[in-house]
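The numbering of the sequence shown is full-length UniProt numbering, which starts it at 1 and goes up by one. The beta-carbon is built from N, C-alpha and C at its ideal position, and this holds for glycine as well. None of the values given here were measured: they were computed from a predicted structure. Please read the structure below before turning to the comments.
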Amino acid sequence: DQQETNNSSNQRDFNSGGGSSTRFNIDDGGGGNINNMNADDTEMGQDCDHDDSDVDDYDDDIIAGWEQAYGFIDKLSLADCLRYLAILGNLPRSLVNLLLAILKKKFKADLPKDARTLLKTPTRVGLQIKPISGGEFWYLGVEKALQNYFRNVIPEEDFLAIQISINGLPLVKSSATQLWPILIKVENLHEAPVLLVGVFCEQAKPEHVEDYLGTTVSFSAKHGCLKCSYVGEYIQPENKVIFDSVNADLRTDAGFRERVDKDHHKDWRTPLEDFNNVDIVEDVIVADRLHLIDL
1 DQQETNNSSN QRDFNSGGGS STRFNIDDGG GGNINNMNAD DTEMGQDCDH
51 DDSDVDDYDD DIIAGWEQAY GFIDKLSLAD CLRYLAILGN LPRSLVNLLL
101 AILKKKFKAD LPKDARTLLK TPTRVGLQIK PISGGEFWYL GVEKALQNYF
151 RNVIPEEDFL AIQISINGLP LVKSSATQLW PILIKVENLH EAPVLLVGVF
201 CEQAKPEHVE DYLGTTVSFS AKHGCLKCSY VGEYIQPENK VIFDSVNADL
251 RTDAGFRERV DKDHHKDWRT PLEDFNNVDI VEDVIVADRL HLIDL
């Protein structure tokens, strides 16, 4: 009698008001799993079933490009696929953790339990950030950045020509906080990506070049040309300094190191002066179209 009462109480009829009802038989003793579901009206389930004959011409185009679009997945492991999905979709950690739990429990997938392990999130980045004059600085280093890239890539060149790029960029319009990344590019390896070497963060540019390990000379308005000694002209209302002549003495590496132009050079040293084989005027690219023409 007690068993019949339990079985009877575990049966629920749900009437949708339209005349059809659905009955669920629930076995509480088995962990709350739904063992069977019977629906008097199966039209809703039938409407959700599709086969290849249902597609139209537009769907044909999508299906035809499916293999080409996702063919790269064949070369990836399951973990790599999930890592790609999480990064491309900018998925929150909680959602990635849920996805990992589903795959591990339902398919016994050999995957980590936490998104941070899957994405190989560094655990000591905060300890690598140090305060310097005017802000905070994270520095990986040129050697380490190159080692990380060439860990799985064999360089085709014995000699690497490195281009260093430095500039500031704001984070958001509502704040003065800005980033000053240090980027490098191996010029004679065209397939190599731009690599991040370091990042400075604060509400103003770095105060001291020795701390920042980057900039070479400081642009100083009318005396600011980095390639020649021509004195520029300040114009309004454009609020610009222009250099409308090329008839001036060229700057040299020796002149830079000796600080021959007091209106142009600053008293502090740049770390690049420690390299005897670097011509600070010729080897440092600063005359780009963006700053000379577009701004």
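Query                                                                                                                                              : Result
With DSSP as the reference, please indicate the residues paired to Gly135 in a beta bridge.                                                        : Ile132
Identify whether Trp180 lies in helix, strand or coil by the three-state DSSP scheme.                                                              : strand
If I follow the unbroken beta strand (DSSP E) through Leu195, where does it start and stop?                                                        : Leu195 to Glu202
Among the residues of its own chain, which have a CB less than 8 Å from the CB of Ala176, if the five just before and after it don't count?        : Pro170, Gln203 and Ala204
Please identify the residue among Leu76, Asn167 and Asp263 whose C-alpha is closest to the C-alpha of Phe200.                                      : Asn167
Leu169 bridges to which residues according to DSSP?                                                                                                : Leu179
Excluding the 5 residues flanking Leu189 on each side, which residues of the same chain have their C-beta closer than 8 Å to its C-beta?           : Pro155, Glu156, Glu157 and Leu160
Alpha carbon to alpha carbon, how far is Ala192 from Asn152? Give it in angstroms, no decimals.                                                    : 12 Å
Tell me the residue span of the beta strand (DSSP E) that contains Tyr234.                                                                         : Glu233 to Ile235
Which word fits Ile34, buried or exposed, when buried means at least 16 other C-beta atoms lie within 10 angstroms of its C-beta?                  : In this predicted model, Ile34 has a pLDDT of only 40, less than 50, meaning its place in the structure is not dependable; the value taken from the coordinates is given anyway. Its Cβ having fewer than 16 others within 10 Å, Ile34 is exposed.
List the residues that DSSP assigns as beta-bridge partners of Cys225.                                                                             : The partner list for Cys225 (beta bridge, DSSP) is empty, contrary to what the question assumes.
For Pro112, which option in Leu88, Glu143, Asp80 and Pro92 has the closest C-alpha, if you only look at C-alpha atoms?                             : Asp80
By alpha-carbon positions, which one of Val194, Val172 and Lys106 ends up nearest to Tyr149?                                                       : Val194
In or out: Ile242 buried (at least 16 other Cβ within 10 Å) or exposed?                                                                            : exposed
In the DSSP assignment, what are the bridge partners of Leu250?                                                                                    : Cys228
Quick one: Cα of His265 to Cα of Lys120, how far?                                                                                                  : 45 Å
Measure the alpha-carbon distance for Leu100 versus Tyr70 and round it to whole angstroms.                                                         : 21 Å
Less than 9 Å separating the beta-carbons of Leu76 and Val96?                                                                                      : no
With DSSP run on the structure shown, which of helix, strand or coil describes Lys104?                                                             : helix
DSSP state of Ile280, grouped into three classes?                                                                                                  : coil
Given this structure, state the Cα-to-Cα distance separating Asp211 from Ile129, to the nearest angstrom.                                          : 13 Å
Helix, strand or coil: how does DSSP classify residue 303 here?                                                                                    : Limits of the chain in this structure are 1 at one end and 295 at the other, which puts residue 303 out of reach.
Are three or more beta carbon pairs between the stretch 137–149 and the stretch 220–233 nearer than 8 Å?                                           : no
Which residues in the same chain have their Cβ closer than 8 Å to the Cβ of Ile235, if we skip the five residues on either side of it in sequence? : Val241 and Ile242
Using three-state DSSP, classify Lys144 as helix, strand or coil.                                                                                  : helix
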